[in-house]
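**Student:** This is the structure I want to talk about, given as structure tokens.
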Amino acid sequence: MKFFIDTANLQEIKEAASWGIIDGVTTNPSLIAKEGKDFKKVVKEICRIVNGPISAEVVILDAKGMVKEAKKISAWHKNIVIKVPMTPEGIKATVALKKLKIKTNITLVFNAQQALLAAKAGAAFISPFLGRIDDLGYESGIVLEEMMTIIRNYNFKSEIIAASIRSINHVKLSAELGAHIATIPFSILEQMFKHPKTDEGIKKFLDDWKKAENN
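Note that our numbering has the sequence shown beginning at 1337, numbered continuously upward.
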């Protein structure tokens, strides 16, 4: 499974990248706005930090406008992937961008039917929002499993990015079901390292070592 980090915070990206396990980055307009910095500068800096797919989202809602905006953004760096919404216009734009060899990440996906449309359109990545699916009263694991079955049934080239990760259990669930990628907030990545028995064991080893040194 690949790990992307879901943030536009450069310090978080640098720290996570230093661990050597980050394969890409996803951003969105909300994450960029949260940083209060220029969109282009932030995206280009992220591309310098992580050598992998970097998702940057268009904000125009019609297909023609999406394609125009995508051409501009994708020219900033070879690793940029264009995020487009799961709408008829987004699907049109995805088809057009594939012909231009510009990779897309179809976002705001909530069911298997939408994932099928995205795969048919040739999206490089498809992002189901696990946390928000759960919020709607559905089981995100069942929805994700349906999507993975469809992708495998027809050997679609699209990769599923488990998004809207709210807990370490969402990451585990995504891995168990074979999602190609999980895009994970920095705070959840940090939590994945932690277990009280790990801390307890480290403390015991250090205490024992100090005793041994004093003998």
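For every residue, glycine included, the Cβ atom is placed at its ideal position computed from N, Cα and C. Values in this document were obtained by computation on a predicted structure and should not be read as measured data.
#1: How far does the beta strand (DSSP E) with Lys-1338 in it reach, from first residue to last?
#2: Counting beta carbon pairs with one atom in the region 1402 to 1409 and one in the region 1347 to 1365, are three or more of them shorter than 8 Å?
#3: Please report the straight-line C-alpha distance between Gly-1356 and Gly-1388, rounded to a whole angstrom.
#4: Check Ser-1463 in the structure and name its three-state DSSP category.
#5: When you compare only the Cα positions, how much space is there between Ser-1494 and Thr-1534?
#6: According to DSSP, is Val-1598 part of a helix, a strand, or is it coil?
#7: Which residues bound the beta strand (DSSP E) around Ile-1590?
#8: Would you kindly work out how many angstroms separate the C-alpha atoms of Val-1420 and Ala-1454, rounded to a whole number?
#9: Rounded to whole angstroms, what's the CA-CA distance from Thr-1362 to Cys-1383? Just pull it up for me.
#10: Use the C-beta contact count for Gln-1449: other C-beta atoms within 10 angstroms, 16 or more gives buried, fewer gives exposed.
#11: Provide the residue span of the alpha helix (DSSP H) that contains Val-1479, from first to last.
**Tutor:** Looking at the atomic coordinates:
#1: 1338 to 1342
#2: no
#3: 12 Å
#4: strand
#5: 37 Å
#6: The displayed coordinates of the chain run from 1337 to 1551. Any statement about residue 1598 would go beyond what the structure contains.
#7: Any question about residue 1590 goes unanswered here, given that the chain covers just 1337 to 1551.
#8: 10 Å
#9: 11 Å
#10: exposed
#11: 1476 to 1489
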